[in-house]
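Notes follow the structure.
There are 2 protein chains.
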Amino acid sequence: MEPWPCDAIGVLLVRYMDRREFGGDMDERFIPLTETVRALPATTPFVGPEALERTNGAVFKARIGANESAFGPSPKALAAMRDAVAEASWYGDPENFELRQAIAAHHGVGMDNVCVAAGIDSLLGLVVRMLVSPGAPIVTSLGAYPTFNYQVSGFGGALHTVPYRNDFEDPEALLDKAKAVEAPLLYVANPDNPMGSWHGAASVQSLIDSVPTGKVLILDEAYADFLDPVEIPAIDVSNPCVIRMRTFSKAHGLAGARVGYAIAHPALITGLNKIRNQFEVTRVSQAGALAAFQDPQYVGQVVAEVAAGKADIAKIASKHGFTALPSATNFVAIDVGGHEQATRMMAELGRRGVFIRMPGAAPLNRCIRVTVGTEKDRAVFADALADVVASGG
Amino acid sequence: MEPWPCDAIGVLLVRYMDRREFGGDMDERFIPLTETVRALPATTPFVGPEALERTNGAVFKARIGANESAFGPSPKALAAMRDAVAEASWYGDPENFELRQAIAAHHGVGMDNVCVAAGIDSLLGLVVRMLVSPGAPIVTSLGAYPTFNYQVSGFGGALHTVPYRNDFEDPEALLDKAKAVEAPLLYVANPDNPMGSWHGAASVQSLIDSVPTGKVLILDEAYADFLDPVEIPAIDVSNPCVIRMRTFSKAHGLAGARVGYAIAHPALITGLNKIRNQFEVTRVSQAGALAAFQDPQYVGQVVAEVAAGKADIAKIASKHGFTALPSATNFVAIDVGGHEQATRMMAELGRRGVFIRMPGAAPLNRCIRVTVGTEKDRAVFADALADVVASGG
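Protein chains in written order, with the numbering used here: chain A, -2 to 390; chain B, -2 to 390.
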């Protein structure tokens, strides 16, 4: 068996050399990467708390940085998952049938309007892959969800960003930008992450109505469960210009189980089904998500606990003269007066065992972002914050 | 807020119409799909057994069609997963650190040589995305793993197939084809699915050595655990021309948990890390895979049980004059004499509560493919097969 010949200059150069010489220094020129992947930086949207713990050599006392639910999933979901472990050797149902059936019934849509995947992260990747050709201009807010940006860059899209307006995503400016660059895809999160702000139903409906046929709005509603239902515009699956996204990661407390869903016009769902990894939701996660979905009472309790927690965090912040921004999520952005202060505070809190995060762009990054933890988490946060402030933080 | 203007003809035509008129008949022309996705058929690589059960209105008595492990995961993995359910509200470690550490130590490679993802299906998608530009010629065997083809088509690659040779993948012919079309990527599974055949270490090493710098071989070793270790060529991560893939879905009994890994040169792993969904392995699955990996004794038991089961299936087949092909996997391809017979037999077995599958291309599809189940599964299969044969099947 002989190597087959290659045309590329780089390949010709090394063809007759022992490739082992390149060892760990192998240049990416010798790997046949696509143009898109070759151009990507080796970055990730987030560093996980486990990586920080490994760096710090200590486990966090309060894990309130990734907007995970401190209240866990419904006991029914826990029980369903423990039971489902016995079937872990079986692939999950690639059609996610039972879960899609429950979701469709709940939202009053057809099963062909629902795509279940391994979290909104996976769905964002699929939608971008489906709609974004290399070089296509894509619009989002400056400082919004980094994983959307990661997916857009990952498929070669060109990001165009619009500043927040008073810590709110700015629908009119986003639409203007999309119009100017002729973006096929526009991303809006409502409620917003990382600021916690939100627009009401009329405003969001107006945004949806302003998207012309042939363009698509991703409406990321990961935090919709924390919003008063009257603030959420009705779902209209006859409209091919919007994809609504929901997740089990937040109010349902199943971030580690990786289950989210998209609701959209069947033509969009068909597109997603053409390219998704059919078996990607684990069997245990399918069982957990279905049980969680069927326990809205528990979600209601979580939402109430989160509301109380947000009030608590606002008090803790104001004690030191900081302002907690209004939030319709399970976290609070606290304005600490400037980016340098926020950076220093995040580091100092980390040193005291408190894992939080910070928005990634100015002027949002004058804030720290604190997830509503348990009462104990908040006590740890309050003590650490007081200590940081007392020591000049 | 006003819709932004569009240039595309289709869009102009519908701009002033009520888009709701299109309803369920919305033509894909009005969705801004990429060329690649627009061209894709709405097919999936596999129909799951659950879908067949829904169609049949009955649950299978023997689920021996998807090469899942009938012996389940290690009891230690089950326990670890049940424990980890309590942490399902936390995202998994996006770096899969502990699991990668264990994998790297076991294979004697660096952690930067290992990428963990949600099964080989996910890894195949990532590698194809990383290396395959639309139109690129990609080589595989005719009738080999359909999910590889799904991923290649899904990213716009052009599949070139090479026939099996006496039910074995044909390395020389595959290399010749790759040479002829100048394929950046070549796929070989060893042991093979769906035939169960395998090439020994020297032959596979020769294949690896024949891949020139600048091209990449995916060596899918999902079933490597069932192979005598001396039949597996040594892993050499200084070679940037090969990506070895392993899974927890087969011998480790964790198909439903979605965990697999790639071992390769750091430049290839870096490429995968640039584009993978960082959080895609669930927290429960991480715990299960780590515990399973640390229980090689259990895997040894499974492999022994599977060997006994394969001998059993060969006997069942020969009783009816059918030939069970030699297999280094957890399934057996049984030659039933022709494609029509195989098709009819699969349907008739299905009617009798036995889920099996069939290779997808001639001449392999003269066989049915039967996963080694439990003793009880095999008894159900034996009875159903006898009944099918007796009734003229």
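Backbone N, C-alpha and C define an ideal beta-carbon position, used for all residues, glycine too.
Taking the Cα positions, P143 (chain A) is about 45 angstroms away from P160 (chain B). Membership of I215 (chain B) in the beta strand (DSSP E) is indicated by the continuous run V213 to D217. For D332 (chain A), the secondary structure class from DSSP, reduced to helix, strand or coil, is strand. Ranked by how close their Cα comes to the Cα of A289 (chain A), the residues A:L224, A:R273 and A:S246 have A:S246 in first place.
Residue-level contact by beta carbon holds for W87 (chain A) and chain B, with a gap shorter than 8 angstroms. For A264 (chain B), the number of other beta carbons within 10 angstroms of its own is at least 16, and it is reported as buried.
Neighbours of F27 (chain B) in chain A, taken as residues at a C-beta separation under 8 angstroms, are given in chain order as T210, G211, P237 and A264. Of the candidates B:A115, B:P237, B:I272 and B:N187, B:N187 places its Cα closest to the Cα of P230 (chain B). The C-beta of V44 (chain B) has fewer than 16 other C-beta atoms within 10 Å across all chains shown, which makes the residue exposed.
When CB distances to chain B are screened at a threshold of 8 angstroms, the residues of the stretch 110 to 130 of chain A falling below it are A115, G116, D118, S119, G122, R126, M127, L128, V129 and S130, in chain order.
With respect to the C-alpha of A115 (chain A), the residue from B:L216, B:P293, B:E277 and B:F145 having the closest C-alpha is B:E277. Using a Cβ distance threshold of 8 angstroms, E65 (chain A) and S86 (chain B) count as a contacting pair. Put simply, the CB of G370 (chain A) is far from chain B, with every gap to its CB atoms at 8 angstroms or more. Under the DSSP assignment, T244 (chain A) falls in the beta strand (DSSP E) whose first and last residues are V239 to T244. Within chain A, the residues whose beta carbon sits less than 7 angstroms from that of V34 (chain B) are M127, G268, K271 and I272, listed in sequence order.
Contact annotation: A330 (chain B) and R354 (chain B) have beta-carbon atoms that are not nearer than 8 angstroms. When 8 angstroms is used as the limit between beta carbons, D90 (chain B) is near these residues of chain A: G45, E47 and A48, in chain order. Under DSSP, no beta-bridge partner is assigned to T52 (chain B). For T33 (chain A), there is no enclosing beta strand (DSSP E); the residue is part of the alpha helix (DSSP H) that begins and ends at E32 to A36.
Going by C-alpha positions, L172 (chain A) is about 26 angstroms away from G257 (chain A). The C-beta of E166 (chain B) has 16 or more other C-beta atoms within 10 Å across all chains shown, which makes the residue buried. Nearest Cα to A358 (chain B) within the set B:A308, B:S138, B:R126 and B:V213: B:S138.
Residues of chain A whose Cβ lies closer than 7 angstroms to the Cβ of S66 (chain B) are, in chain order, S86. Taking 8 angstroms as the threshold, the shortest C-beta distance from S388 (chain A) to chain B does not fall below it.
Measuring C-alpha to C-alpha distances from G154 (chain A) to each of A:L183, A:T267 and A:I61 identifies A:L183 as the nearest.
Two segments are said to touch when three or more pairs of C-beta atoms, one from each, lie closer than 8 angstroms; by this definition the stretch 66 to 74 of chain B touches the stretch 289 to 300 of chain B. Interface flag for T158 (chain A) against chain B is unset, since no Cβ pair is found closer than 8 angstroms. Interface residue (Cβ-Cβ distance to chain B less than 8 angstroms): R280 (chain A) is classified as such.
In the DSSP assignment, V113 (chain A) falls within the unbroken beta strand (DSSP E) covering V111 to A114.
Per DSSP, reduced to three states, the secondary structure at H157 (chain A) is strand. Here the C-alpha atom of C238 (chain B) lies approximately 7 angstroms from the C-alpha atom of G211 (chain B).
Under the 10 Å beta carbon count, E47 (chain A) is surrounded by 16 or more other beta carbons and is classified as buried. Where V149 (chain B) is concerned, the enclosing alpha helix (DSSP H) starts and stops at P143 to G151.
Closest by C-alpha distance to K176 (chain B), out of B:H157, B:S194 and B:P191, is B:H157.
For Q275 (chain A), the residues of chain B that pass the 9 angstroms Cβ criterion are T41, P42, F43, G45, D118, T144 and Y147, in the order they occur in the chain. For the pair of segments examined, the stretch 28 to 41 of chain B was found to touch the stretch 266 to 284 of chain A: the number of CB pairs separated by less than 8 angstroms reaches three.
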